[in-house]
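This note's numbering puts the first residue of the sequence shown at 74, with every later residue one more than the last.
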Amino acid sequence: METPRLNLDLSPTSLDPLGINKVSGFYGPGAWSGWFITMLCSFYNVARFKPRSSRLQDTIIFVLATNWAAIDFLRQMDLARQESDISRAEEYKGRIAAALLMTYIGLLFASPQIAVCLAVAYNCKDKRLSPRDIVLLMGSYIPSIALTSLYGFMARNVRSSNFEATHWENTLPAFAHDGIEAEFHARCLQAVALLGLIWTISMSLTLGSLLLHLGRAFLTKSQSRVSPPIIDLVYTNTGIAILLALIIYAFLSVDYDWGFFWICFAPLGFMAYIDLNFYVPLLLFLAHSMYHS
74 METPRLNLDL SPTSLDPLGI NKVSGFYGPG AWSGWFITML CSFYNVARFK
124 PRSSRLQDTI IFVLATNWAA IDFLRQMDLA RQESDISRAE EYKGRIAAAL
174 LMTYIGLLFA SPQIAVCLAV AYNCKDKRLS PRDIVLLMGS YIPSIALTSL
224 YGFMARNVRS SNFEATHWEN TLPAFAHDGI EAEFHARCLQ AVALLGLIWT
274 ISMSLTLGSL LLHLGRAFLT KSQSRVSPPI IDLVYTNTGI AILLALIIYA
324 FLSVDYDWGF FWICFAPLGF MAYIDLNFYV PLLLFLAHSM YHS
């Protein structure tokens, strides 16, 4: 059976069913080029193994623009969801796709930068994060949440091979071109959402662990415990995040709104610092409850 292919109208014509003409100038060639240059400069400074340099202008501008796109993506998604007229809701997809692409590329380029920064920090004697590390880590949180929210707007039957063009994700012009297979296009969007999910859980675990450690230090009034080995926390929590993300991804076919899962992130972060072995029974309990409810 031949796989269905997409033929979306991506040209800014007078009909403009996807709202291409209404895309903000922030995503135009000039602003996009400036943002891309700052991203490359930040990547270059990290790639030459000088991530601890105090010159952070390129990284800060790159992170701010990426976060702007992420917030705009969440805003446009919310406006489209609230629209009662289906035809008018379709007009948001051009703006959603523009913000999604910028958010995804920003987080994609931030990931190897963070990896190099953490590797350099791990080899330092004090194992402290540099200002660039903190900017990149904190600046990746909102974009990761934005990409993860894409799950809530995608078709639930991800295990089905019959991806019709009427499904929401296959009428979104992001990552699309004429003749692209509908299933491949949907898988691309799922991969984007999975990247965001991994980073969201990793950052939530790290922040939760730090809050727990700082709380213990405050209660014991021990100044020697105020600065935890954050590099070890980040590495450990990133590995746990990948495992958790794959488990959550396996349950995507269940008809649930994944917005409720944000409640679990903070408790998971606190438990990461207490006892990592506690994850196993907890995840089994959550998986069993969700699957049989």
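Just so you know, even glycine gets a beta-carbon here, dropped at the ideal spot from N, CA and C.
Beta-carbon proximity check, residue i vs residue j, cutoff 8 Å
i, j, result
"residue 147", "residue 247", "no"
"residue 169", "residue 192", "no"
"residue 120", "residue 189", "yes"
"residue 176", "residue 142", "yes"
"residue 268", "residue 180", "yes"
"residue 223", "residue 262", "yes"
"residue 215", "residue 144", "yes"
"residue 183", "residue 96", "no"
"residue 213", "residue 178", "no"
"residue 135", "residue 115", "yes"
"residue 270", "residue 221", "yes"
Residue span of the alpha helix (DSSP H) that contains residue i, given as start and end
i, result
"residue 210", "204-212"
"residue 180", "166-195"
"residue 136", "130-155"
Cβ neighbour criterion (16 or more within 10 Å) applied to residue i
i, result
"residue 217", "buried"
"residue 196", "exposed"
"residue 166", "buried"
"residue 117", "exposed"
"residue 448", "Lying outside 74 to 366, the shown extent of the chain, residue 448 is not represented and no answer is given."
"residue 266", "buried"
"residue 107", "exposed"
"residue 205", "buried"
"residue 211", "exposed"
"residue 454", "Residue 454 falls outside the range modelled here, since the chain spans only 74 to 366, and no answer is possible."
"residue 149", "buried"
"residue 236", "Bear in mind that the predicted position of residue 236 carries a pLDDT of just 38, short of 50, making it unreliable; the figure below should be weighed with that in mind. Flag for residue 236 reads buried."
"residue 194", "buried"
"residue 138", "buried"
"residue 259", "buried"
Of the listed residues the options, nearest to residue i (C-alpha basis)
i, options, result
"residue 272", "202, 204, 185, 258", "185"
"residue 164", "245, 257, 275", "245"
Three-state class that DSSP yields for residue i in the structure shown
i, result
"residue 256", "helix"
"residue 109", "helix"
"residue 101", "coil"
"residue 219", "helix"
"residue 266", "helix"
"residue 233", "Reliability of the predicted coordinates at residue 233 is poor, the pLDDT of 40 falling under 50, and the value obtained from them is presented with this limitation in mind. Note: residue 233 maps to coil in three-state DSSP."
"residue 247", "coil"
"residue 96", "coil"
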